[in-house]
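A short worksheet on the structure shown next.
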């Protein structure tokens, strides 16, 4: 696609539920990143994929968070047993390869846990 | 770990005037990248300008320029001839050049208001 696409744009879920957030990167981009942006803060790194594998998942806050990229394109961020503190904007970015400095961001998914 | 500090939560500028946004960072590395991103209400982070630490010359992109002071670990953004469309959140970010270090470290942002 022309840009990074994230769906849904907004998601409201109840505490304790499971959610999936989708990221469709720019076609041909092998590197994909997930960030979390809490209210009033800058984005914080969650996980980085190079191809199908998670090259760096050091930013995932706990084992309720998991992400996959099975075919090296679309990625899904999965959050189990959601908590109110998970409420944030989840941003996805992609770049054409490792070491490439410019990453292109999507418009994010605003997750609200009630 | 690298930290990025933006000490100005909010700034305002008159249309057509110049404004400077401040950013400082902490690192023990000698080579790295620094960025300024713009985030309008659409939430999409848009790259404004990039600086490689090994380059002494300050980066410039049209009305946007930086003042990079490596010894002081300072990286400010100057916006000249401000336009209404410049109103947004601005984030300073750091990225290591070390192999395997691909993620960005962001500051907390500065909200820029442009007054007509």
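Residue numbers (our numbering), protein chains in the order written: chain A, 1 to 114; chain B, 115 to 230. Where a beta carbon is used, it is the ideal one built from N, C-alpha and C, also for glycine. None of these values were measured; they are calculated from a predicted model.
Cutting at 6 Å between CB atoms, please list the residues of its own chain near residue 182 of chain B, excluding the five before and the five after it.
Within the second chain, residue 182 of chain B is the residue found at index 68, counting from 1. Excluding sequence neighbours, residue 182 of chain B sits near 165, 172 and 189.
Can the beta-carbon of residue 144 of chain B be found closer than 8 Å to that of residue 227 of chain B?
As a first step, residue 144 of chain B must be located in the second chain, where it is residue number 30. As a first step, residue 227 of chain B must be located in the second chain, where it is residue number 113. Going by C-beta atoms, residue 144 of chain B is not nearer than 8 Å to residue 227 of chain B.
Based on the DSSP output, what are the partners of residue 191 of chain B in its beta bridges?
Within the second chain, numbered from 1, the residue matching residue 191 of chain B stands at position 77. B/135 and B/180, per the DSSP bridge assignment.
Would you kindly work out how many angstroms separate the C-alpha atoms of residue 50 of chain A and residue 185 of chain B, rounded to a whole number?
The residue labelled residue 50 of chain A in the question sits at position 50 within the first chain. The residue labelled residue 185 of chain B in the question sits at position 71 within the second chain. If I take the Cα positions, the gap works out to 33 Å.
Against chain A, with Cβ distances strictly below 8 Å, would residue 125 of chain B count as a contact?
The residue labelled residue 125 of chain B in the question sits at position 11 within the second chain. No, no contact with chain A.
Name the residues in the segment 68–100 of chain A whose C-beta lies less than 7 Å from a C-beta of chain B; which are they?
Going along the segment 68–100 of chain A in chain order, one finds 89, 91 and 98 with a Cβ nearer than 7 Å to chain B.
Where does the unbroken beta strand (DSSP E) through residue 56 of chain A begin, and where does it stop?
Here the question's residue 56 of chain A lines up with position 56 in the first chain. Here the beta strand (DSSP E) through residue 56 of chain A covers 53–56.
Classify residue 226 of chain B as helix, strand or coil using the three-state DSSP reduction.
One-based indexing of the second chain puts residue 226 of chain B at position 112. Reduced to three states, the DSSP call for residue 226 of chain B is strand.
Note down, in chain order, all residues in the segment 130–150 of chain B with a beta-carbon under 7 Å from any beta-carbon belonging to chain A.
Correct list: 147.
Which two residues bound the contiguous beta strand (DSSP E) that contains residue 210 of chain B?
As a first step, residue 210 of chain B is located in the second chain; it is residue number 96 there, counting from the start. Element bounds for residue 210 of chain B: 202–210.
Decide yes or no for the touch test of the segment 98–113 of chain A against the segment 119–137 of chain B: beta carbon pairs closer than 8 Å, at least 3 of them.
Flag = no, the segment 98–113 of chain A and the segment 119–137 of chain B do not touch.
For residue 168 of chain B, does the count of other Cβ atoms within 10 angstroms reach 16, so buried, or fall short, so exposed?
Here the question's residue 168 of chain B lines up with position 54 in the second chain. So residue 168 of chain B counts as exposed.
Buried or exposed: residue 230 of chain B, going by 16 or more other Cβ atoms within 10 Å of its Cβ?
On the second chain, position 116 is the one that residue 230 of chain B refers to. With fewer than 16 Cβ atoms within 10 Å of its Cβ, residue 230 of chain B is classed as exposed.
Does the count of Cβ pairs from the segment 73–88 of chain A and the segment 19–33 of chain A closer than 8 Å reach three?
Segments in contact, yes.
Give the residues of chain B in contact with residue 31 of chain A, contact being defined as C-beta atoms less than 9 Å apart.
Stepping through the first chain from its first residue, residue 31 of chain A is reached at position 31. In chain order: 216.
Does the Cβ of residue 69 of chain A have 16 or more other Cβ atoms within 10 Å, making it buried, or fewer, making it exposed?
On the first chain, residue 69 of chain A is found 69 positions in, with the first residue counted as 1. It is buried - the Cβ of residue 69 of chain A has at least 16 other Cβ atoms within 10 Å.
Which one of A/83, A/88, A/66 and A/91 has the shortest CA to CA distance from residue 14 of chain A?
Your numbering for residue 14 of chain A matches position 14 in the first chain. Checking every option, the nearest Cα to that of residue 14 of chain A belongs to A/83.
Indicate whether at least one CB of chain A lies closer than 8 Å to the CB of residue 158 of chain B.
Within the second chain, the letter at position 44 stands for residue 158 of chain B. True, the Cβ-Cβ gap to chain A drops below 8 Å.
With distances taken from CA atoms, which of B/135, B/218 and B/205 is nearest residue 147 of chain B?
Indexing the second chain from 1 puts residue 147 of chain B at position 33. For the residues B/135, B/218 and B/205, the minimum Cα distance to residue 147 of chain B belongs to B/218.
With DSSP collapsed to three states, give me the class of residue 140 of chain B.
The residue labelled residue 140 of chain B in the question sits at position 26 within the second chain. Strand, per DSSP.
Based on Cα-Cα distance, which residue from A/112, A/38, A/36 and A/42 lies nearest to residue 152 of chain B?
Here residue 152 of chain B refers to the residue found at position 38 when the second chain is read from its first residue. Closest option to residue 152 of chain B, Cα to Cα, is A/42.
Based on DSSP bridge pairs, tell me the residues matched to residue 26 of chain A.
Looking up residue 26 of chain A in the first chain gives position 26. Its beta-bridge partners do not exist; DSSP assigns none.
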